[in-house]
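Down below is the structure, laid out as structure tokens.
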Amino acid sequence: MDSEKTLLKPGVVIKPNCNELTAVDLVHRFYGFKVIELTEMNSYDDRNYLITVEERETNCNLIQYTLKITNSLESSVPNLIEAFNEMGIYLKQNGLTVPYPIPSKDGKLLVRVRLSEKSEAENAVRLLTFIPGKLIREVEYTKPLLYEAGKLLAKLTNALEKFENDALKNRNMIWSLNNVPRLRSFLFALKDESRKVLVSNLIKEFEIDVLSKTHSFKAGIIHGDFNEQNLIVDKVGNEFKPYGIIDFGDCHFAPLVFDLAILCTYIMLDCKTMDPTEAPAYVIAGYTSLRALTDEEFSIIPLCIKARLCQSLVLGAYTYSQDPSNEYILSSSKTGWTRLQNIIDINETMLLQLWKSVKENYAIEKI
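Numbering (full-length UniProt numbering), first residue to last: 1 to 367.
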């Protein structure tokens with residue numbers, strides 16, 4: 001399939017048209033479970049439901065799963081959903097706590113359905129294991145928590161270095177930092193002209209200072225959306241510690257440092273317990289305790305953060321214009337424009353020096 005055809009185009013609605021009754025029917029029809037409780041969870045383009053079911057054998061024990069109905073665009077990409085399943089199983093086998101697929105009654109790891117008689121497109125449906133705990137955004141950000149978040153990302157990156165999949169390697173998606181220039185097609189969703197100019201200038205800067213140099217960065221399959229809503233934490237003693245990673249729907253082939261920059265972006269965006277511009281330093285400290293960064297990789301993180309904020313703000317505004325009922329997609333805009341301006345206003349050299357100093361001092365503290 002032409003990779004251009006897999007990119008989101010303005011005006012195209014791809015979110016599955018599915019209600020709770022349909023979700024319950026899918027679980028019963030294909031997986032043989034009786035649904036006791038169902039709650040829809042946040043998602044940009046898919047439908048995700050937390051379901052509680054009765055165990056098949058006993059009809060007594062209750063088990064929780066995630067029912068994931070993938071959007072029509074990604075459901076149509078050959079071998080993509082199969083690649084997600086393969087990755088989940090691989091990461092589980094390599095000691096990471098991630099969702100992995102549950103077989104249907106027919107032993108299939110995914111089923112494809114038309115959600116209505118009028119629908120021409122099929123949607124991929126999967127039942128995934130549910131990872132219990134709190135989202136990292138639901139607990140207080142501390143230095144050790146952010147350090148461990150960076151460390152967990154490094155563990156994931158180390159594991160994925162040995163994972164190969166052609167569907168993911170060749171994947172082209174609008175949320176990839178590689179596709180930041182394509183934000184120009186969505187700028188109409190911003191009503192403020194000054195914000196359009198701001199984003200346009202950052203896109204140009206990113207093209208010159210990052211995208212022109214990607215050949216020099218180590219690349220591989222990345223998570224693609226390693227953020228505050230996709231990290232699960234559990235309490236260990238008196239501290240919360242990240243242990244689970246969810247939502248691999250944005251994984252693709254890109255420079256590995258992009259994943260670190262994405263995590264830094266959302267930690268900075270959501271941080272309320274310390275200076276938001278300092279918070280990425282602890283994430284980077286944790287990451288570099290297991291993986292080295294080159295000076296060039298380290299130097300592009302601030303601009304990658306700005307570019308990711310632009311993606312979240314522009315694509316969030318666009319998606320909201322298509323689906324005003326989805327409040328989740330505005331989560332970044334609440335503080336995003338302020339954080340973007342904050343990081344723009346800081347001298348980049350001084351910011352990198354701050355991060356390096358904090359990172360080195362914190363490493364000494366941990367000895």
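Backbone N, C-alpha and C define an ideal beta-carbon position, used for all residues, glycine too.
Report, in whole angstroms, the separation of the C-beta atoms of residue i and residue j, which I expect to be a contact under 8 Å.
| i | j | result |
| --- | --- | --- |
| L269 | G336 | 6 Å |
| L309 | R339 | 6 Å |
| C251 | I221 | 6 Å |
| S312 | S332 | 4 Å |
| L62 | L127 | 15 Å between Cβ atoms; not a contact. |
| I246 | I267 | That belief does not hold up - the Cβ atoms of I246 and I267 are roughly 16 Å apart, past 8 Å. |
| A23 | Y49 | 5 Å |
| I102 | Y65 | 6 Å |
| L303 | V180 | About 10 Å separates the two Cβ atoms, so there is no contact after all. |
| V113 | L38 | So it is not a contact: roughly 17 Å between Cβ atoms. |
| T273 | E138 | About 13 Å; that fails the 8 Å criterion. |
| I81 | P16 | With 8 Å as the limit, I81 and P16 do not qualify as a contact, their Cβ atoms being about 13 Å apart. |
I'd like to confirm the pairing. Which residues does DSSP put opposite residue i in its beta bridges?
| i | result |
| --- | --- |
| Y65 | I51, T129 |
| K302 | Residue identity check: residue 302 is Pro in the sequence provided, not Lys. DSSP output for P302 lists no bridge partner at all. |
| K235 | F240 |
| T97 | G244 |
| I102 | L127 |
| residue 370 | One cannot answer for residue 370 here, as it falls past the ends of the chain, which runs 1 to 367. |
| residue 368 | Residue 368 is absent from the model: the chain starts at 1 and stops at 367. |
Taking the alpha carbon of residue i as the point to measure from, which residue in the options has its own alpha carbon closest?
| i | options | result |
| --- | --- | --- |
| T214 | I301, K356, I343, N48 | I301 |
| L198 | L26, Q229, I344, I51 | I344 |
| D45 | V27, I63, Y328, S333 | Y328 |
| R56 | S104, K15, V77 | S104 |
| K34 | N19, I51, L128 | I51 |
| F217 | F298, V139, V358, S194 | F298 |
| N123 | C18, N42, S43, D225 | C18 |
| G95 | D323, L156, N342 | L156 |
| Y318 | K235, F188, I246, P242 | F188 |
| A149 | E37, L135, G237, G249 | L135 |
| P280 | R171, A154, L146 | L146 |
| N342 | L202, W175, M350, T277 | T277 |
| R171 | L38, L8, V27, S119 | L8 |
| L190 | E40, Y362, L315, A363 | L315 |
| F248 | F240, L91, R182, A219 | L91 |
| S176 | K334, L330, V125, A307 | A307 |
| N178 | D295, R195, D25, S212 | S212 |
| Y320 | I81, S43, K108, Y31 | S43 |
| P242 | V12, E207, D323, K143 | K143 |
| S72 | Y100, E54, S119 | S119 |
| N361 | N347, D323, G286 | G286 |
| G107 | G32, E164, T97, D259 | G32 |
| M87 | D166, K196, R184 | D166 |
Does residue i come out as helix, strand or coil in the three-state DSSP assignment?
| i | result |
| --- | --- |
| R112 | strand |
| Y243 | strand |
| A121 | coil |
| F186 | helix |
| L340 | helix |
| T39 | strand |
| G316 | helix |
| V257 | helix |
| H223 | coil |
| I208 | helix |
| I262 | helix |
| residue 450 | Residue 450 lies beyond the range of the chain shown here (1 to 367); nothing can be said about it. |
| N17 | coil |
| M87 | helix |
| G286 | helix |
| E278 | coil |
| N158 | helix |
| D323 | coil |
| T214 | helix |
| D166 | helix |
| Y31 | helix |
Please classify residue i: is it buried, with 16 or more other beta-carbons within 10 angstroms of its beta-carbon, or exposed?
| i | result |
| --- | --- |
| V283 | buried |
| L21 | exposed |
| E228 | buried |
| L168 | buried |
| G244 | buried |
| A205 | According to the sequence displayed, residue 205 carries Glu and not Ala. E205 is exposed by the Cβ-count criterion. |
| A261 | buried |
| T349 | exposed |
| P10 | exposed |
| S76 | buried |
| R29 | exposed |
| I305 | buried |
| I174 | buried |
| E74 | buried |
| N230 | buried |
| A292 | exposed |
| V12 | exposed |
Does the CB of residue i have a neighbour CB from chain D at under 7 Å?
| i | result |
| --- | --- |
| E86 | No chain D is part of this structure, which consists of one protein chain only. |
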